[in-house]
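Engineer: For the protein sequence lines, the chains are A and B, in the order given.
Quick note on my numbering: the first sequence kicks off at 1 and runs consecutively.
Quick note on my numbering: the second sequence kicks off at 1 and runs consecutively.
Number of protein chains: 2
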Amino acid sequence: MTRHSDTTSYKDIKQTVLERIRSGEWRPDSLLPNEQELAIAFSCTRTTVNRALRELADEGFLERRRKAGTRVLSAPQRQARFTIPLVRDEVEAMGGTYRYALVSSEACTAPDWLSARLALRAGQDVMHVRCMHYSGNTPFQYEDRWIVIESVPQVSQADFTGTGPNEWLVETIPFTNVELTFLASRADASLAGFLDVPEGEPIFTTERITWLQGQPVTLAKLYFAAGYRMTTQI
Amino acid sequence: MTRHSDTTSYKDIKQTVLERIRSGEWRPDSLLPNEQELAIAFSCTRTTVNRALRELADEGFLERRRKAGTRVLSAPQRQARFTIPLVRDEVEAMGGTYRYALVSSEACTAPDWLSARLALRAGQDVMHVRCMHYSGNTPFQYEDRWIVIESVPQVSQADFTGTGPNEWLVETIPFTNVELTFLASRADASLAGFLDVPEGEPIFTTERITWLQGQPVTLAKLYFAAGYRMTTQI
DNA sequence: CAGTGGTCTAGACCACATG
DNA sequence: ATGTGGTCTAGACCACTGT
Numbered sequence: 001m002t003r004h005s006d007t008t009s010y011k012d013i014k015q016t017v018l019e020r021i022r023s024g025e026w027r028p029d030s031l032l033p034n035e036q037e038l039a040i041a042f043s044c045t046r047t048t049v050n051r052a053l054r055e056l057a058d059e060g061f062l063e064r065r066r067k068a069g070t071r072v073l074s075a076p077q078r079q080a081r082f083t084i085p086l087v088r089d090e091v092e093a094m095g096g097t098y099r100y101a102l103v104s105s106e107a108c109t110a111p112d113w114l115s116a117r118l119a120l121r122a123g124q125d126v127m128h129v130r131c132m133h134y135s136g137n138t139p140f141q142y143e144d145r146w147i148v149i150e151s152v153p154q155v156s157q158a159d160f161t162g163t164g165p166n167e168w169l170v171e172t173i174p175f176t177n178v179e180l181t182f183l184a185s186r187a188d189a190s191l192a193g194f195l196d197v198p199e200g201e202p203i204f205t206t207e208r209i210t211w212l213q214g215q216p217v218t219l220a221k222l223y224f225a226a227g228y229r230m231t232t233q234i
Numbered sequence: 001m002t003r004h005s006d007t008t009s010y011k012d013i014k015q016t017v018l019e020r021i022r023s024g025e026w027r028p029d030s031l032l033p034n035e036q037e038l039a040i041a042f043s044c045t046r047t048t049v050n051r052a053l054r055e056l057a058d059e060g061f062l063e064r065r066r067k068a069g070t071r072v073l074s075a076p077q078r079q080a081r082f083t084i085p086l087v088r089d090e091v092e093a094m095g096g097t098y099r100y101a102l103v104s105s106e107a108c109t110a111p112d113w114l115s116a117r118l119a120l121r122a123g124q125d126v127m128h129v130r131c132m133h134y135s136g137n138t139p140f141q142y143e144d145r146w147i148v149i150e151s152v153p154q155v156s157q158a159d160f161t162g163t164g165p166n167e168w169l170v171e172t173i174p175f176t177n178v179e180l181t182f183l184a185s186r187a188d189a190s191l192a193g194f195l196d197v198p199e200g201e202p203i204f205t206t207e208r209i210t211w212l213q214g215q216p217v218t219l220a221k222l223y224f225a226a227g228y229r230m231t232t233q234i
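(1) So residue 168 of chain B is in the beta strand (DSSP E); what residue range does that whole segment cover?
(2) If you drop the 5 nearest sequence neighbours on each side, which residues of the same chain put their C-beta closer than 8 Å to that of residue 45 of chain A?
(3) Please report whether the beta-carbon of residue 227 of chain B lies at a distance below 9 Å from any beta-carbon of chain A.
(4) By Cβ distance below 6 Å, which residues in the same chain neighbour residue 28 of chain A in space, the five residues on each side in sequence not counted?
(5) Per the DSSP calculation, residue 209 of chain A is bridged to which residue(s)?
(6) Using 10 angstroms around the beta-carbon of residue 137 of chain A, count the other beta-carbons present and answer buried if the total reaches 16, otherwise exposed.
(7) With DSSP as the reference, identify every bridge partner of residue 69 of chain A, one or two as the case may be.
(8) Go through its chain and collect everything with a Cβ distance to residue 51 of chain B's Cβ below 6 Å, but skip five positions before and after it.
(9) Helix, strand or coil for residue 106 of chain B, going by three-state DSSP, please let me know.
(10) With distance defined between alpha-carbon atoms, name the residue in B:180, B:194, B:230 and B:34 nearest to residue 132 of chain B.
(11) Taking only beta-carbon positions, decide if residue 153 of chain B is within less than 9 Å of chain A.
(12) Look up residue 203 of chain B in the DSSP assignment and give the residues it is bridged to.
(13) Along the segment 176 to 190 of chain A, where does the CB come closer than 9 Å to a CB of chain B? Name the residues.
(14) Can you name the residues of chain A whose CB is closer than 7 Å to the CB of residue 233 of chain B?
(15) So, is residue 135 of chain A buried or exposed, given that buried needs 16 or more other C-beta atoms within 10 angstroms?
(16) Could you give the C-beta distance for residue 199 of chain B and residue 187 of chain B, rounded to a whole number, given that I count them as a contact under 8 Å?
(17) So, under 8 Å CB-CB, residue 169 of chain A and residue 146 of chain A are touching, yes? Tell me the CB distance rounded to an integer number of Å.
(18) Residue 34 of chain A to residue 13 of chain A, Cα distance in whole Å?
(19) Going straight from the alpha carbon of residue 81 of chain B to that of residue 79 of chain A, what length do you get?
(20) Where does residue 184 of chain A land, buried or exposed, given buried means 16+ other C-beta within 10 angstroms?
(21) Among residues of its own chain, excluding the 5 on either side of residue 56 of chain A, which ones have a beta-carbon nearer than 8 Å to its beta-carbon?
(22) Which value, in whole angstroms, describes the spacing of the CA atoms of residue 59 of chain B and residue 229 of chain A?
(23) Ignore the nearest five residues each way along the sequence and tell me which others in residue 232 of chain A's own chain have a CB closer than 8 Å to its CB.
(24) Can you grab the Cα-Cα spacing for the pair residue 157 of chain B / residue 212 of chain B, in whole Å?
(25) Taking only beta carbons into account, state which residues of the segment 137 to 168 of chain A come closer than 7 Å to chain B, listed in chain order.
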């Protein structure tokens with residue numbers, strides 16, 4: 001495609017393979033010809049076939065094992081893959097004007113449930129930050145965040161009045177591991193007030209736990225406005 | 001690593017690059033040396049460097065543009081990536097015994113909201129299937145599904161008494177495009193009964209729309225039992 | 001127009017899992 | 001033991017895009 005039309009690119013091969021799966025020519029669980037044979041069939045090198053099949057395996061269509069060969073996966077284990085945007089970007093992408101407001105920020109000893117959740121030592125200190133994100137004047141997200149001070153000592157001097165803790169952390173900590181959880185929670189009186197919904201309203205919630213090289217850094221609970229939907233194309 | 005220890009593999013390079021980002025040696029927004037220079041530095045070919053950097057870009061750490069070069073992304077656009085399991089697998093992975101029960105199955109004309117959502121022609125026929133998935137005797141998920149008959153004519157003869165429509169569709173339709181949505185919904189009286197929760201309970205919900213080569217096939221609304229959490233490591 | 005990444009070739013050796 | 005995928009090399013041409 002991108003090259004002269006007489007060559008077969010790895011993209012062409014991916015396309016063709018997907019079509020043969022779609023059409024039923026290569027049924028689920030069936031074995032594909034090996035790379036050598038496909039290379040001959042497609043008039044290209046094994047390297048090119050390899051890249052095409054490797055990517056299709058990464059994308060969840062094929063399973064490859066040395067000696068065993070390449071199979072079409074029976075239950076297409078499609079992988080949802082979506083980027084986690086910064087709140088600001090999300091609001092602006094919807095055409096809103098992003099506004100941030102700090103609710104509270106205080107250092108304290110980690111409560112028991114948090115120590116357990118993050119595997120902290122007893123009595124470790126954390127910074128507890130609560131804040132709101134708005135789209136224009138409409139509540140968009142309430143953020144309830146705990147930051148482990150020992151893991152990010154600079155947080156003691158941080159000022160979250162004008163900038164949210166997430167943007168601050170992103171700039172301060174270059175690289176992290178994340179556990180992401182989605183759930184539906186119920187708006188209690190406090191949350192209902194912040195998000196301007198009736199008490200008891202179902203609230204789409206995500207929880208993110210972040211580690212820096214094995215050390216727990218932060219737990220963030222993000223409560224979205226009523227009716228929020230998180231969508232992705234696969 | 002996998003080869004003789006005197007060679008540099010693309011995995012070694014990925015590792016090294018990530019470490020340099022972590023350590024701050026290569027700051028966000030900064031430009032990496034070009035592939036040729038890195039190849040010399042790592043004592044390998046440009047091909048190998050290329051694969052390492054290409055994968056890191058796929059994973060959201062780098063941005064690459066011809067002529068412009070390779071940059072460290074400032075806001076790590078980390079991508080959550082999780083597989084969508086079949087209900088049966090999910091229940092069994094939790095150590096439960098999967099049980100299925102059909103609630104209702106009937107052909108009808110698509111209601112207006114569904115026609116709009118799936119871009120159907122007015123008056124197109126659909127199969128409406130409702131069913132329950134249990135873990136042992138505990139409700140696990142309530143499924144409310146609509147299948148476009150014109151897209152899957154065989155559905156008229158399908159029997160969903162013993163097998164759920166999802167497993168049937170997976171076997172019948174080899175390959176699809178999917179739009180996936182997560183949200184929090186509220187248990188109405190009917191749903192509360194099926195899931196054995198109080199009315200008004202927040203319910204984690206996913207909606208899946210599936211197309212086969214541009215044609216809408218099915219819309220499934222999946223309501224999970226109270227307290228359900230969907231988790232993924234990034 | 002010139003520099004950077006994108007891709008392909010031809011060949012090689014190796015790791016691994018199955019029979 | 002052997003067949004399969006996994007990876008690397010050395011070199012080439014090309015596509016894109018910023019200057």
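Where is the CB? At the ideal position from N, CA and C, for every residue including glycine.
Structural biologist: Walking through what the data contain:
(1) One-based indexing of the second sequence puts residue 168 of chain B at position 168. Per DSSP, residue 168 of chain B belongs to no beta strand (DSSP E); it is in the alpha helix (DSSP H), 165 to 172.
(2) As a first step, residue 45 of chain A must be located in the first sequence, where it is residue number 45. Same-chain partners within the cutoff: 39.
(3) Translated into the one-based positions of the second sequence, residue 227 of chain B becomes position 227. So, interface residue.
(4) Counting from one through the first sequence, the residue named residue 28 of chain A turns up at place 28. Once the five neighbours on either side are set aside, the close Cβ partners of residue 28 of chain A are 72 and 74.
(5) As a first step, residue 209 of chain A is located in the first sequence; it is residue number 209 there, counting from the start. DSSP, once it has assigned bridges, lists A:179 and A:219 as partnering residue 209 of chain A.
(6) The residue labelled residue 137 of chain A in the question sits at position 137 within the first sequence. By the 10 Å Cβ count, residue 137 of chain A comes out exposed.
(7) Position 69 of the first sequence, counted from the start, is the residue given in the question as residue 69 of chain A. DSSP lists A:65 as partners of residue 69 of chain A.
(8) Along the second sequence, read from residue 1 onward, the residue named residue 51 of chain B stands at position 51. Result list for residue 51 of chain B: 10, in chain order.
(9) The residue you call residue 106 of chain B lines up with position 106 of the second sequence. The answer is strand: DSSP assigns residue 106 of chain B an E or B state.
(10) Locating residue 132 of chain B in the second sequence gives position 132, counting from the first residue. Measuring from the Cα of residue 132 of chain B, the nearest candidate turns out to be B:194.
(11) Sequence index remark: in the second sequence, residue 153 of chain B carries index 153 (1-based). With 9 Å as the cut-off, residue 153 of chain B does not count as an interface residue toward chain A.
(12) By 1-based counting over the second sequence, the position of residue 203 of chain B is 203. According to DSSP, which records beta bridges pairwise, residue 203 of chain B is partnered with B:185.
(13) 176, 177, 178, 179, 180, 181, 182, 183, 184, 185, 186 and 187
(14) Counting from 1 along the second sequence, the entry for residue 233 of chain B is found at position 233. Within chain A, the residues near residue 233 of chain B are 179.
(15) Residue mapping note: residue 135 of chain A aligns to position 135 of the first sequence, counting from 1. Residue 135 of chain A is buried by the Cβ-count criterion.
(16) Taking the second sequence and counting its residues from 1, the one referred to as residue 199 of chain B is at position 199. Taking the second sequence and counting its residues from 1, the one referred to as residue 187 of chain B is at position 187. Sure, about 6 Å apart at Cβ, within 8 Å.
(17) Mapped onto the first sequence, residue 169 of chain A falls at position 169. Mapped onto the first sequence, residue 146 of chain A falls at position 146. Contact flag wrong, Cβ pair sits at about 12 Å.
(18) As a working mapping, residue 34 of chain A is identified with position 34 in the first sequence. As a working mapping, residue 13 of chain A is identified with position 13 in the first sequence. Distance between the alpha carbons of residue 34 of chain A and residue 13 of chain A: 14 Å.
(19) The residue you call residue 81 of chain B lines up with position 81 of the second sequence. The residue you call residue 79 of chain A lines up with position 79 of the first sequence. Cα to Cα, the separation comes out at about 6 Å.
(20) Along the first sequence, one-based indexing puts residue 184 of chain A at 184. Classification for residue 184 of chain A: buried.
(21) Working through the first sequence from its first residue, we reach residue 56 of chain A at position 56. Taken in chain order, the residues that qualify are 14, 17, 18 and 62.
(22) Numbered from 1 along the second sequence, position 59 holds the residue referred to as residue 59 of chain B. Numbered from 1 along the first sequence, position 229 holds the residue referred to as residue 229 of chain A. Using only the alpha carbons, I get a separation of about 24 Å.
(23) Locating residue 232 of chain A in the first sequence gives position 232, counting from the first residue. So the list reads 80, 81 and 82, once near-sequence residues are dropped.
(24) Locating residue 157 of chain B in the second sequence gives position 157, counting from the first residue. Locating residue 212 of chain B in the second sequence gives position 212, counting from the first residue. Near 20 Å, if we compare the C-alpha coordinates of residue 212 of chain B and residue 157 of chain B.
(25) none
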